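For reference, the structure discussed in these notes is given below.
Number of protein chains: 2
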Amino acid sequence: MVRKKPSSVTIRDVARAAGVSVATVSRYLNRSGPVSPRVAQKLARVIAELNYMPHAGARHLASHRTRAVGFLSQNILGDFFIPLLRGIESVIGRRGYTLLVASRQTLLDGVIGGNEAVPPLGPHNADGLIAFADSLSDEELHRLYQRRFPVVLIHRTPPDGLPFPVVTIENKAATRALIDHLIEVHGRKQIVFLRGPANQEDSYWREEGYKASLQAHGIEYDPALVLTGGFERGMAYEAMKSLCTFRLDFDAVFAGNDDAAIGVMEALRERDIRIPERVAVVGFDDQWVSSFLDPPLTTVAAPTEDVGRIAAQRLCDWLDGIPVAELATLLPTRVVIRRSCGCNG
Amino acid sequence: MVRKKPSSVTIRDVARAAGVSVATVSRYLNRSGPVSPRVAQKLARVIAELNYMPHAGARHLASHRTRAVGFLSQNILGDFFIPLLRGIESVIGRRGYTLLVASRQTLLDGVIGGNEAVPPLGPHNADGLIAFADSLSDEELHRLYQRRFPVVLIHRTPPDGLPFPVVTIENKAATRALIDHLIEVHGRKQIVFLRGPANQEDSYWREEGYKASLQAHGIEYDPALVLTGGFERGMAYEAMKSLCTFRLDFDAVFAGNDDAAIGVMEALRERDIRIPERVAVVGFDDQWVSSFLDPPLTTVAAPTEDVGRIAAQRLCDWLDGIPVAELATLLPTRVVIRRSCGCNG
DNA sequence: TTGAAAGCGCTAACAG
DNA sequence: CTGTTAGCGCTTTCAA
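The listed protein sequences derive, respectively, from chains A and B.
Just remember that the numbering used here sits 23 ahead of the position in the first sequence, which is counted from 1.
Just remember that the numbering used here sits 23 ahead of the position in the second sequence, which is counted from 1.
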């Protein structure tokens with residue numbers, strides 16, 4: 024049985040060169056058992072000389088852990104993900120894990136071996152998963168739960184009966200306060216709302232907040248003012264642009280998030296509609312560029328980096344056998360008033 | 024020898040349930056050999072029923088490939104990385120690979136098992152690497168080269184003699200044109216330059232472009248006008264702020280990149296220095312928010328998403344045994360005139 | 001404190 | 001087209 028012998032240094036080479044058994048080398052590498060100082064010293068030298076690197080796959084196979092965690096999202100568009108990834112990556116790295124990133128959009132396009140049985144991220148190539156918003160269906164979550172696979176959900180709550188840890192942000196109350204501001208302080212009444220992706224909870228709760236505010240002020244809900252902006256600049260731009268072609272009797276836009284707000288501003292500017300004099304524009308997230316927009320954007324500050332950090336902590340705790348502090352974490356948000364709503368003159 | 028038998032479905036279970044050998048199952052899974060339609064059909068059903076998922080580690084061990092590629096950077100700060108990652112991820116996913124992301128900043132902070140021999144990314148847990156800018160030292164590149172480990176470099180050229188594929192962008196000529204514009208069109212002469220991280224080539228070439236322009240116009244190079252902005256908003260803000268405390272005789276700032284330009288604008292605004300009337304500000308990258316800044320930023324458009332896409336293509340080609348189209352790819356950039364330089368009134 | 005040895009789940013010769 | 005089987009490199013009992 025001839026087989027191309029991969030010419031790399033294995034644990035056996037190290038053991039031989041150091042005059043010990045592979046078990047000892049393994050113990051040394053993993054600090055999983057006693058090793059005499061003399062042997063340890065020798066091993067350190069030999070490993071350096073040989074430039075030895077353990078084979079990750081072999082470790083995974085033998086130990087049943089990968090020391091990797093996955094991050095899953097429908098897509099990775101927009102600035103939103105930068106603080107999120109930074110938050111995740113910072114704790115994941117510190118705790119000795121590697122981060123795997125996958126977006127489902129790509130996966131659907133792609134071939135992936137044409138085999139449904141080989142998922143990009145999941146048991147067997149990661150020890151756990153952080154899943155953003157609607158990246159995992161209820162059914163997929165059920166399957167993962169059956170396998171007892173560690174998953175932490177962010178910006179989404181699990182189906183009933185699945186006690187996955189969750190990190191979400193307060194959407195409804197903040198949106199309510201934001202729209203209240205538009206109505207009460209600036210007297211706006213025809214407020215366009217650009218909702219996000221259909222299956223996203225953020226989208227749902229922001230719409231609830233929007234409706235609640237209208238209702239509280241006795242403003243009738245006009246379905247024609249509610250469009251789909253997709254939480255994304257391009258789609259928001261198109262939505263606003265087409266709205267403007269047949270109707271201009273609105274005096275404010277809640278863009279759904281800041282990314283979309285930028286698209287909205289672009290569309291309005293093209294038609295020379297002045298912000299905020301003629302139309303007020305507000306967003307959600309408070310991305311770090313939002314204060315630099317022209318005019319600076321009134322929005323809701325969401326602690327996105329914290330979401331990432333906390334989710335990663337929950338997951339690492341779980342994986343490391345530390346009791347997870349809270350099953351559900353709801354992070355507070357707050358309205359940030361700048362100029363796009365009409366404040367500050 | 025009692026061992027906690029991981030209760031998961033293996034290829035053997037599938038083989039048994041389908042009444043075939045594991046080899047057949049493997050061939051089916053990998054399309055690595057003929058399988059009769061009948062068997063294939065049965066296998067498909069059995070795999071679904073059993074909810075079977077192959078063990079990635081075992082595959083890696085047996086096949087010597089991981090189907091994963093790593094992305095390495097010093098940090099993941101700023102919007103710059105969004106298009107880059109999107110570009111990379113899109114082709115990587117389509118070609119059946121998984122993306123691993125690691126930043127060295129985290130790694131240095133972290134413990135990583137306290138063992139230098141266990142790298143986060145490299146041979147044995149990825150088939151190849153895309154390394155951004157200064158994330159890999161010359162020496163590390165030499166070691167990887169010795170191991171014949173596939174690496175594609177972006178925004179950095181390899182040390183002499185290491186024929187790694189490279190994707191970079193044109194920095195010097197574009198910077199030169201940008202500064203020329205400031206001088207020739209707007210008559211600016213005291214131009215502050217905020218350089219990036221010390222070991223980054225982008226930083227070096229942009230400085231060269233800056234110098235070349237000054238020299239061509241007979242303006243003396245004033246080292247006191249050259250600060251370190253770190254290609255990053257916060258550092259740029261601090262640098263400008265402190266400069267302003269003891270000297271205000273400059274009439275323009277080349278921020279190094281757009282991220283830094285935002286920090287610069289912030290610092291100038293705090294001192295009520297009008298942009299562009301009193302001080303022109305220009306950047307580099309043309310991040311997608313740059314056109315929304317106040318005033319819209321004059322900058323250099325860099326095809327960041329293309330860089331990611333092309334680098335990923337090169338790497339996947341290499342890994343898949345397809346000859347790499349070009350060893351070195353230099354992508355063009357171009358000046359984008361907006362208002363922060365003083366144009367358009 | 002150490003070593004021997006049994007797998008972990010899969011791939012890939014090779015023979016049929 | 002299919003089955004048999006020898007590892008891949010490592011971890012982890014267990015006995016010494």
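Beta carbons are placed, not taken as given, at the ideal position from N, Cα and C, and that holds for glycine.
All of these numbers come straight from a predicted model, not from anything done at the bench.
N-terminal and C-terminal residue of the alpha helix (DSSP H) that residue i is part of
i        : result
A:Gly286 : Asp281 to Glu293
A:Thr268 : Arg256 to Phe269
B:Ala40  : Ile34 to Ala41
A:Leu159 : A:Leu159 -> no alpha helix (DSSP H), and no H or E assigned at all.
Residue range of the beta strand (DSSP E) that includes residue i
i        : result
B:Leu176 : Val174 to Ile177
A:Val48  : That residue, A:Val48, is in no beta strand (DSSP E); its alpha helix (DSSP H) goes Val45 to Asn53.
A:Phe155 : Gly151 to Phe155
B:Arg218 : Ile214 to Arg218
B:Leu185 : Neither: B:Leu185 is in no beta strand (DSSP E) and is coded neither H nor E.
A:Phe277 : Ala275 to Phe277
B:Thr251 : Val249 to Thr251
Chain-ordered chain B contacts of residue i [CB-CB under 7 Å]
i        : result
A:Phe307 : Within chain B, no residue comes near A:Phe307; the closest Cβ sits about 16 Å away, beyond 7 Å.
A:Gly365 : The premise fails here: A:Gly365 is roughly 16 Å from chain B at the closest Cβ pair, so nothing lies under 7 Å.
Interface partners of residue i on chain B, CB under 8 Å
i        : result
A:Thr89  : Ala79 and Gly80
A:Ile105 : Ile99, Leu100, Gly101, Asp102, Phe104 and Ile105
A:Met288 : Phe315
A:His178 : None at all; the shortest Cβ gap to chain B is about 18 Å.
A:Glu163 : In chain order: nothing, as chain B lies at least about 11 Å away.
Contacts that residue i makes with chain A (C-beta to C-beta distance below 7 Å)
i        : result
B:Val62  : What B:Val62 touches in chain A: nothing, since even the nearest Cβ is about 15 Å away.
B:Asn74  : Arg166
B:Ile370 : Since the first residue shown for chain B is 24 and the last is 368, residue 370 of chain B is missing from the structure and cannot be characterised.
B:Gly151 : Those do not exist, as B:Gly151 stays about 14 Å from chain A at its closest Cβ, beyond 7 Å.
In DSSP terms, what residue i is bridged to
i        : result
A:Phe104 : Looking at the DSSP assignment, A:Phe104 forms no beta bridge with any residue, so it has no partner.
B:Ile192 : B:Leu354
A:Ser31  : Answer is none; A:Ser31 lacks a bridge partner.
A:Ala125 : A:Leu95
Near the ligand HEM: residue i beta-carbon under 7 Å from a heavy atom
i       : result
B:Leu52 : With respect to the ligand HEM, the structure offers nothing, as it holds no ligand at all.
Per-residue contacts from residue i into chain A (C-beta, under 9 Å)
i        : result
B:Ile285 : Trp311, Val312 and Phe315
B:Glu261 : What B:Glu261 touches in chain A: nothing, since even the nearest Cβ is about 16 Å away.
B:Glu255 : Under the 9 Å cutoff, chain A gives no residues; its nearest Cβ is about 12 Å from B:Glu255.
B:Gly344 : Per Cβ cutoff of 9 Å: no residues; B:Gly344 is ~14 Å from chain A at best.
B:Leu291 : The premise fails here: B:Leu291 is roughly 12 Å from chain A at the closest Cβ pair, so nothing lies under 9 Å.
B:His209 : Within chain A, no residue comes near B:His209; the closest Cβ sits about 21 Å away, beyond 9 Å.
B:Gly252 : Result: empty, since nearest Cβ-Cβ is about 16 Å, beyond 9 Å.
B:Gly56  : Neighbours of B:Gly56 on chain A: none; closest Cβ ~14 Å, over 9 Å.
Closer than 8 Å at the beta carbon, the chain A residues around residue i
i        : result
B:Gly241 : Neighbours of B:Gly241 on chain A: none; closest Cβ ~35 Å, over 8 Å.
B:Glu193 : Residues of chain A passing the Cβ test: none, with the nearest at roughly 25 Å.
B:Gly331 : The contacting residues do not exist; B:Gly331 stays about 11 Å from chain A at best.
B:Gly279 : Those do not exist, as B:Gly279 stays about 17 Å from chain A at its closest Cβ, beyond 8 Å.
Contacts of residue i in chain B (Cβ-Cβ under 9 Å)
i        : result
A:His204 : The premise fails here: A:His204 is roughly 22 Å from chain B at the closest Cβ pair, so nothing lies under 9 Å.
A:Leu108 : Ile99, Phe104, Leu108 and Val124
A:Glu300 : Going along chain B, no residue has its Cβ under 9 Å from A:Glu300, so there is no contact; the nearest lies around 16 Å.
Whole-number beta carbon distance between residue j and residue i, since they are thought to touch under 8 Å
i        : j        : result
B:Leu123 : B:Phe94  : 7 Å
B:Ala275 : B:Val359 : Actually they are not in contact, since the Cβ atoms of B:Ala275 and B:Val359 sit about 16 Å apart, beyond 8 Å.
B:Phe273 : B:Leu248 : 6 Å
A:Glu230 : A:Arg218 : 6 Å
B:Thr191 : B:His209 : Incorrect: roughly 29 Å between the Cβ atoms, too far for contact.
B:Thr352 : B:Leu107 : At roughly 15 Å, the Cβ-Cβ gap does not stay under 8 Å, so B:Thr352 and B:Leu107 are not in contact.
Exercise. Counting only runs of 4+ residues fully inside the region 51-98 of chain B, write out the alpha helix (DSSP H) ranges in chain order.
Key: Qualifying alpha helix (DSSP H) stretches, in chain order: 60-73 and 79-86.
Length-filtered (3 minimum) beta strand (DSSP E) runs lying within the region 281-361 of chain A: 303-305, 322-324, 351-354 and 357-359
| message | Which runs of the beta strand (DSSP E) at least 3 residues long sit entirely within the region 199-247 of chain B? Give them in chain order. | response | 214-218
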